[in-house]
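Numbering (my numbering), first residue to last: 25 to 141. Where a beta carbon is used, it is the ideal one built from N, C-alpha and C, also for glycine. Please read all numbers here as calculations on a predicted model, not as lab measurements. What follows is a short report on a single structure.
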């Protein structure tokens with residue numbers, strides 16, 4: 025009965041993610057991994073012995089170690105994905121700043137030519 029809290033938590037987070045996608049405050053691509061995580065928490069809350077079974081299949085003696093390892097790997101993948109996205113955005117910002125500088129320089133040149141006429 026104590027797992028009911030985790031079921032409720034997973035369902036609340038799942039509903040929140042779906043609502044965020046519906047309101048366009050979160051993209052489907054961004055919410056995908058969080059929804060997968062919510063579903064995994066839901067499965068583990070409903071069938072708590074499934075992590076024991078999976079750990080035994082992999083030959084891991086302490087099932088919580090498997091769970092923590094999976095959490096760390098999940099967060100590492102999400103972090104890597106967002107690090108790539110941040111790098112792409114930084115490159116775009118640099119390109120846009122350079123293009124803006126060029127456009128401003130051209131505008132100043134055109135203004136100088138207009139004044140000289």
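For residue i, report the span of its alpha helix (DSSP H) as first-last.
i, result
"residue 80", "74-82"
"residue 137", "87-140"
Around the Cβ of residue i, are there at least 16 other Cβ atoms within 10 angstroms (buried) or fewer (exposed)?
i, result
"residue 83", "exposed"
"residue 142", "Absent from the model: residue 142. The displayed extent of the chain is 25 to 141, so no value can be given."
"residue 68", "buried"
Indicate the three-state DSSP secondary structure (helix, strand or coil) for residue i in the structure shown.
i, result
"residue 29", "helix"
"residue 55", "helix"
"residue 44", "helix"
"residue 63", "helix"
"residue 35", "helix"
"residue 50", "coil"
Please look up how many angstroms separate the CB atoms of residue i and residue j, rounded, as I've assumed it's under 8 Å.
i, j, result
"residue 97", "residue 66", "About 19 Å separates the two Cβ atoms, so there is no contact after all."
"residue 57", "residue 41", "Between residue 41 and residue 57 the Cβ distance is about 10 Å, and since that is not below 8 Å, they are no contact."
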